[in-house]
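*Asks:* First, the structure itself, so that you have it in front of you.
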Amino acid sequence: MRRIEQIFAVAAWTIIIGLSIYFFLDNVAVYFTGFKSESFLNNPFWVGLHLIGGTLALLFGPIQFSKWIRTKYLTFHRITGKVYIIGAFIAGLSALRLSLISSCAPCRVSLFILAVLVIGTTFSAWWSVKSKNVKAHQQFMVRSYICVLSFVAVRIGGLIPLDFLFGQIEDPTFDRTVNEYFFSFVPLIVGEIFLIWLPTLKAIKDKMKVRQSVSR
94 MRRIEQIFAV AAWTIIIGLS IYFFLDNVAV YFTGFKSESF LNNPFWVGLH
144 LIGGTLALLF GPIQFSKWIR TKYLTFHRIT GKVYIIGAFI AGLSALRLSL
194 ISSCAPCRVS LFILAVLVIG TTFSAWWSVK SKNVKAHQQF MVRSYICVLS
244 FVAVRIGGLI PLDFLFGQIE DPTFDRTVNE YFFSFVPLIV GEIFLIWLPT
294 LKAIKDKMKV RQSVSR
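Printed below as a string of structure tokens:
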């Protein structure tokens, strides 16, 4: 079982980092070649902030989940954690503004909610570690990173066809809206299942076993 978990973790992180690299190359690095999107030309300050904050969060996010780094290089973990929090705050705050003027009007609500979740979970991660509640800090860091990754996940439709999930959607605006809502919130629900639901059910099951053994 331990071996299977390790393989799953490696596969998951490979996909996450791969998608993050794709996002960086397709949405950030192109600006260094002279490319300027319509949204950037209309809102260079907020789009620029979002790209900078998102890049910092994506770059330093995976480091926060390395147990080896936390154990061997705690100072480095704390420094990169602060950089991640700053990046996530910048990405979230800029996304709040961009959600009000997004070219995809039906997507504005999902983007606004996601931006609020990024800010809220990141603040909670910072507050909990300041309060020395390590478990809560770890859980909120997971939630924060999931929300940050949602900005990347909504672009999966540009990589692979998602007809197997949503069916064939002809209208591009509706297709984008479905992608935005699905990848903004479903990953967070899945995260909650692993963070809260499954551990709670396991604790209940273990408690029942203890009671049964005592009653015997």
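Here the sequence shown is numbered in our numbering, starting from 94 and rising by one per residue. Ideal Cβ placement from N, Cα and C applies to all residues, glycine included.
1) Would you check if the region 270-288 and the region 221-238 touch, i.e. whether three or more CB-CB distances between them fall below 8 Å?
2) With DSSP as the reference, label ILE239 as helix, strand or coil.
3) For GLN157, which of ILE145, GLY146, ARG171, THR148 has the nearest alpha-carbon?
4) Compare the beta carbon distance of VAL211 and GLY185 with 7 Å and say whether it is the shorter of the two.
5) Based on Cα-Cα distance, which residue from GLN231, PHE275, ASP299 lies nearest to GLY250?
6) Determine the contact status of ILE183 and GLY141, defining contact as a CB-CB distance below 7 Å.
7) Look at the Cβ atom of PHE153, then the Cβ atom of TYR115, and state whether they are nearer than 7 Å.
8) Please return the same chain residues whose Cβ sits closer than 8 Å to the Cβ of PRO280, not counting the five positions on each side in sequence.
9) Near THR215, what residues of its chain come up, given a Cβ to Cβ distance below 7 Å and the 5 sequence neighbours on each side ignored?
10) Determine the contact status of HIS230 and ALA188, defining contact as a CB-CB distance below 7 Å.
11) For SER277, which of TRP139, VAL123, THR148, ARG248 has the nearest alpha-carbon?
12) Give me the Cα-Cα distance between CYS197 and ARG163, rounded to the nearest whole angstrom.
13) Given that a residue counts as buried once 16 or more other Cβ atoms are within 10 Å of its Cβ, and exposed if not, what is LEU204?
14) Measuring alpha carbon to alpha carbon, tell me which residue in LYS165, SER192, LYS160, VAL103 is nearest TRP139.
15) Can you give the beta carbon distance from VAL271 to PHE259, rounded, assuming they're within the 8 Å contact cut?
16) Taking Cβ positions, are CYS200 and GLU273 nearer each other than 7 Å?
*Replies:* To lay it out plainly:
1) yes
2) If DSSP states are grouped into helix, strand and coil, ILE239 belongs with the helices.
3) Checking every option, the nearest Cα to that of GLN157 belongs to ARG171.
4) yes
5) Among GLN231, PHE275, ASP299, the Cα nearest to that of GLY250 belongs to PHE275.
6) Taking 7 Å as the Cβ cut-off, ILE183 and GLY141 do not qualify as a contacting pair.
7) no
8) ILE239, LEU242, SER243, ALA246
9) ILE178, ALA181, PHE182, GLY185, SER237
10) no
11) The residue among TRP139, VAL123, THR148, ARG248 with its C-alpha nearest the C-alpha of SER277 is ARG248.
12) Each residue's Cα considered, the two are about 41 Å apart.
13) buried
14) SER192
15) 5 Å
16) yes
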